[in-house]
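Per the UniProt record's numbering, residue 1 is the first one in the sequence shown, and the count goes up by one each step.
Ideal placement from N, C-alpha and C gives every residue a C-beta, glycine not left out.
This structure is a prediction, so every number in the text was calculated from the model and none was measured.
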Amino acid sequence: MIIDCHGHFTTAPAALGEWRQKQIREFEESGARHSPDELRITDDEIRAAIENGQLKLQIERGTDLTIFSPGAGKMAHHYGDERTSLDWSRVSNDLISRVCGLFPERFVGVCQLPQSPGDALPASLRNSVVELERCVEELGFVGCLLNPDPSDGYYQAPPLTDRVYYPLYEKMVELDVPAMVHVAMSRNPALQGTCAHYLAGDTAAFMQLCESDLFKHFPTLKLILPHGGGAVPYHWGRYRGMMQDRGRPPLEESILRNVYFDTCVYHKRGMELLLDIIPAENVLFASEMIGAVRSVDPETGRRFDDTKYTLDSIDSLSDTERQAVYGGNALRVFSRLDGVLKARATAAANAKES
Numbered sequence: 001m002i003i004d005c006h007g008h009f010t011t012a013p014a015a016l017g018e019w020r021q022k023q024i025r026e027f028e029e030s031g032a033r034h035s036p037d038e039l040r041i042t043d044d045e046i047r048a049a050i051e052n053g054q055l056k057l058q059i060e061r062g063t064d065l066t067i068f069s070p071g072a073g074k075m076a077h078h079y080g081d082e083r084t085s086l087d088w089s090r091v092s093n094d095l096i097s098r099v100c101g102l103f104p105e106r107f108v109g110v111c112q113l114p115q116s117p118g119d120a121l122p123a124s125l126r127n128s129v130v131e132l133e134r135c136v137e138e139l140g141f142v143g144c145l146l147n148p149d150p151s152d153g154y155y156q157a158p159p160l161t162d163r164v165y166y167p168l169y170e171k172m173v174e175l176d177v178p179a180m181v182h183v184a185m186s187r188n189p190a191l192q193g194t195c196a197h198y199l200a201g202d203t204a205a206f207m208q209l210c211e212s213d214l215f216k217h218f219p220t221l222k223l224i225l226p227h228g229g230g231a232v233p234y235h236w237g238r239y240r241g242m243m244q245d246r247g248r249p250p251l252e253e254s255i256l257r258n259v260y261f262d263t264c265v266y267h268k269r270g271m272e273l274l275l276d277i278i279p280a281e282n283v284l285f286a287s288e289m290i291g292a293v294r295s296v297d298p299e300t301g302r303r304f305d306d307t308k309y310t311l312d313s314i315d316s317l318s319d320t321e322r323q324a325v326y327g328g329n330a331l332r333v334f335s336r337l338d339g340v341l342k343a344r345a346t347a348a349a350n351a352k353e354s
């Protein structure tokens, strides 16, 4: 099974964005709450969005399953207050659940967390614990997105290693689910979103982990750095040297037992570097299809986000390593995934018999 660990519902029906704009506008104008009950999206609209988008590309490229979450850039945690973020997260996560229900063989959910910046951060993280548990226990999700910068471009929050995050990590460990560390939009005009803020966020999060003892407190916590880990593989020697200079354990001991990287790297030489530097057991296949880059690479004739094509062209991996990257690692890191898939298969078989 080829599992894409990084997919977002970037093709969601327009009604979702319209609801969000009303929510933001009403709160900013009067402090009013736009009801989630006002959102109207039919199953047929969801089917059309998926069948003409992510499912179409899955079939064309030969991938089997996508671990699917709300649009990361659209999380936009800086808007409103913690209640705003909670309502928006629940609406977004419920829509992902509907996608998974309509296409159970193709999509498994990962949830957006209702984070907020500034003084609202602690309360928003308490809400995040509740929403994570709801999504895992009730909706069958297998992980979450964790924004290291809920101020969306200004880093007005403590590092991910701060104790304010510990209740969330405790719940993640209890539920045995990983988080993909993924920033949202950038409202900072000096920091473009998908090619600056995204990659800077991945890199900054890695450094936060290097400077902390987080994994001594949570030895089974699992975090995924998307987009190939930002600048991390390219500057691996810098991080090794920094750890050595500070008398800290090697990266293999202090970081790689808990941190994983995905293959959202959109050129062959970059992906080769990732796979040369980071052990194959720490790399998960991913494409972020219909995401940050949607055009065709004139050098290959394939879309930039067709990372399966790129990975297939790299011959440095053994068969065992390739199988691990394509699916085995995802099943290990998203440890609830196998159970979710088996439960769905059983339900489908029972439905056929009845």
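Open item on the list: Just to confirm before moving on: does the CB-CB distance between valine 142 and isoleucine 50 stay below 8 angstroms?
Closed with: For valine 142 and isoleucine 50, no; Cβs fall outside 8 angstroms.
Task: Nonlocal neighbours in the same chain, by C-beta distance under 8 angstroms from isoleucine 2, ignoring five residues either side - done: Here isoleucine 2 has Gly62, Thr63, Asp64, Leu65, Phe285, Lys308, Tyr326, Gly327 as same chain residues with Cβ atoms under 8 angstroms from its own Cβ, once five neighbours each way along the sequence are excluded.
Open item on the list: I need the straight-line Cα distance from glutamate 137 to lysine 352, nearest angstrom please.
Closed with: Those two C-alpha atoms are separated by around 25 angstroms.
- [ ] Let me know the beta strand (DSSP E) ranges lying completely inside the stretch 59-86, each 3 residues or longer, listed in chain order.
- [x] Fully enclosed beta strand (DSSP E) runs of 3 or longer: 65-69.
Task: Exposure label - aspartate 213; buried when at least 16 CB within 10 Å - done: Exposed, by the Cβ-count rule.
TODO: Assign isoleucine 3 to one of three DSSP states: helix, strand, or coil.
DONE: Isoleucine 3 falls in the strand class under three-state DSSP.
TODO: Round the Cβ separation of aspartate 262 and proline 226 to the nearest angstrom and send it over; I've been treating them as touching at under 8 angstroms.
DONE: Correct: roughly 5 angstroms between the Cβ atoms.
TODO: Within the stretch 74-162, note down every full beta strand (DSSP E) run reaching 3 residues or more, in order along the chain.
DONE: For the stretch 74-162, whole beta strand (DSSP E) runs of length 3 or above, ordered along the chain, are 107-109, 144-146.
Task: Distance between serine 89 and residue 356 (C-alpha atoms, nearest Å) - done: Summary: the structure shown does not reach residue 356, with the chain confined to residues 1 through 354, and so no result is reported for it.
- [ ] Using the Cα positions of methionine 242 and alanine 330, report the straight-line distance between them to the nearest angstrom.
- [x] Rounded to whole angstroms, the separation of the alpha carbons of alanine 330 and methionine 242 is 30 angstroms.
TODO: Determine the closest residue to aspartate 306 out of Ser316, Ser116, Val293, with distance taken between C-alpha atoms.
DONE: For the residues Ser316, Ser116, Val293, the minimum Cα distance to aspartate 306 belongs to Val293.
Task: Separation of tyrosine 260 from arginine 106, as counted between CA atoms - done: Tyrosine 260 has its alpha-carbon roughly 23 angstroms from the corresponding atom of arginine 106.
Open item on the list: For threonine 203, count the other beta carbons within 10 Å of its own beta carbon; 16 or more makes it buried, fewer makes it exposed. Which is it?
Closed with: Buried is the label assigned to threonine 203, since at least 16 other Cβ atoms lie within 10 Å of its Cβ.
Task: Contact belief for proline 114 with leucine 86 at Cβ below 8 angstroms, rounded distance in angstroms - done: So it is a contact: roughly 4 angstroms between Cβ atoms.
TODO: For tyrosine 239, I'd like the list of residues in its chain whose CB is within less than 8 angstroms of its CB, leaving aside the five on either flank, ordered along the chain.
DONE: Scanning its chain for C-beta atoms nearer than 8 angstroms, with the 5 sequence neighbours on each side dropped, one finds around tyrosine 239 the residues Phe206, Met207, Cys210, Val232, Leu251, in chain order.
Open item on the list: Going by DSSP in three states, valine 283 sits in which element: helix, strand or coil?
Closed with: Here valine 283 sits in strand by DSSP.
Task: Collapsed DSSP secondary structure at methionine 185 in the structure displayed - done: The answer is coil: DSSP assigns methionine 185 none of H, G, I, E or B.
Open item on the list: Taking contact to mean 3 or more Cβ pairs, one atom from each stretch, closer than 8 angstroms, check whether the stretch 71-85 and the stretch 19-36 are in contact.
Closed with: Segments in contact, yes.
Task: CA nearest to the CA of residue 356, picked from Phe304, Pro178, His235 - done: Lying outside 1 to 354, the shown extent of the chain, residue 356 is not represented and no answer is given.
Task: Residue environment, arginine 269, which counts as buried when at least 16 other CB atoms sit within 10 Å - done: Burial check for arginine 269: the Cβ neighbour count within 10 Å stays below 16, so the residue is exposed.
- [ ] Going by DSSP, name the residue or residues bridged to leucine 225.
- [x] Partner(s): Phe261.
Open item on the list: Just to confirm my understanding: we take proline 167, look at its own chain, exclude 5 residues before and 5 after, and list those with CB closer than 8 angstroms. What are they?
Closed with: Beyond the five residues adjoining it in sequence on each side, proline 167 comes within less than 8 angstroms, by CB distance, of Leu125, Arg126, Val129 in the same chain, given in chain order.
TODO: With a threshold of 16 other CB atoms inside 10 Å of the CB of proline 148, please say whether the residue is buried or exposed.
DONE: Buried is the call here.
Open item on the list: What does the alpha-carbon distance come out to for the pair methionine 289 and glycine 7?
Closed with: Distance between the alpha carbons of methionine 289 and glycine 7 is about 6 angstroms.
TODO: Report the three-state DSSP secondary structure of methionine 289 (helix, strand or coil).
DONE: Look at methionine 289 here: in three-state DSSP terms it is coil, with no helix or strand label.
Task: Terminal residues of the alpha helix (DSSP H) in which asparagine 350 lies - done: It spans 337-353 - the alpha helix (DSSP H) in which asparagine 350 sits, taken as one unbroken run.
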